[in-house]
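Everything below concerns the one structure shown next.
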Ligand SMILES: Nc1ncnc2c1ncn2[C@@H]1O[C@H](COP(=O)(O)OP(=O)(O)OP(=O)(O)O)[C@@H](O)[C@H]1O
């Protein structure tokens, strides 16, 4: 069964059509990168997958759950199975890295938590293991806002893993990082996807990163899917064609 099944998806914002008849199927363990010019609909597509946007037409099924027709409770349960990694990390800067990672498990416990010791020992160990996995176990008790951008994104990924997601959506996860840190974060996403059989759908701006790290590339141009191929079958020029601007007067 596909993890993501999108059929003829259309999303309009007023008169603006952000997605126009998009079909997409993503199988378990695939790492798919969405590419396209700014405004081509990449983030909108990610947001339709976890129900952050209502759809204007078509069907979206994720982890066997219809998203476009889901009730609020069904959406809440579905979102607890989907990890989301953002460009801006969204860590709580004054909290330690360990506490930030622990908050990823909030959906698995009942009631509020204040401070590291309010979490059970097994969860604390699990959070430490996740920090270790992203290479930052030695920073567990350091304030998150004292870490570099690349390190903060790795903590954010560890936090998402605490959620035990079955699907990971990443919206420009390396957009604010330098090339070296971008490579570290992409390496990490690929490794986690392979080790856990985790399905990842990620938007990226950098063609070379996408070609180097993705299993499959999906290109959007003005809300239309114009490319959907295995990365190994593509060269740079073919991918760059996704970025060809469309002259509105030429149509
Ligand atoms: N909440 C919104 N309200 C109105 N229009 C929106 C909204 N979100 C996106 N859009 C519009 O939908 C289109 C697609 O935007 P989207 O953010 O999905 O593009 P993108 O490919 O992710 O761009 P970027 O690479 O800059 O993040 C754009 O024209 C954008 O202005």
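Residue numbers (full-length UniProt numbering): 1 to 251.
Built from N, CA and C at the ideal position, the CB exists for glycine as well.
- Sequence-distant partners of residue 79 (beyond 5 residues in either direction) whose C-beta falls short of 6 Å from its own C-beta, in its chain, are 50.
- Near ligand 1, meaning a Cβ closer than 5 Å to any of its heavy atoms, lie the following residues in chain order: 13, 18, 38, 39, 40, 41, 42, 43, 44.
- The stretch 209-229 makes no contact with the stretch 49-67, as fewer than three CB pairs between them are under 8 Å.
- Around residue 43, the same chain offers 171 as residues with beta carbons nearer than 6 Å, after the five sequence neighbours per side are excluded.
- Uninterrupted alpha helix (DSSP H) stretches at least 4 residues long and entirely within the stretch 30-89 occur at 42-49, 72-79, given in chain order.
- Only residues of its own chain outside the window of five on either side were considered, and among them 100, 101, 103, 104 have a CB closer than 7 Å to the CB of residue 159, listed in chain order.
- The three-state reading of DSSP puts residue 144 in helix, counting H, G and I together.
- If you look at residue 216, you'll find it in the beta strand (DSSP E) that goes 216-221.
- In the structure shown, residue 95 falls within a coil segment according to DSSP collapsed to helix, strand and coil.
- Per the coordinates, the alpha-carbon of residue 11 lies some 17 Å from the alpha-carbon of residue 70.
- When C-alpha distances from residue 130 are compared across 146, 196, 110, the shortest belongs to 196.
- When DSSP states are grouped into helix, strand and coil, residue 136 belongs to the coil group.
- In this structure, the CA atom of residue 221 is about 15 Å from the CA atom of residue 206.
- The residue among 186, 146, 209 with its C-alpha nearest the C-alpha of residue 92 is 146.
- Using a Cβ distance threshold of 9 Å, residue 215 and residue 5 do not count as a contacting pair.
- Here residue 20 is buried, its C-beta having at least 16 other C-beta atoms within 10 Å.
- The residues 11, 44, 47, in chain order, have a CB closer than 7 Å to that of residue 53 in the same chain once the five nearest residues on each side in sequence are set aside.
- Check the Cα spacing between residue 126 and each of 236, 8, 108: the tightest is with 108.
- As computed with DSSP, residue 25 is found in a beta bridge with 5.
- Pairing residue 183 with residue 116, the inter-Cα distance amounts to about 31 Å.
- Exposure of residue 76 is indicated by the presence of fewer than 16 other C-beta atoms within 10 angstroms of its C-beta.
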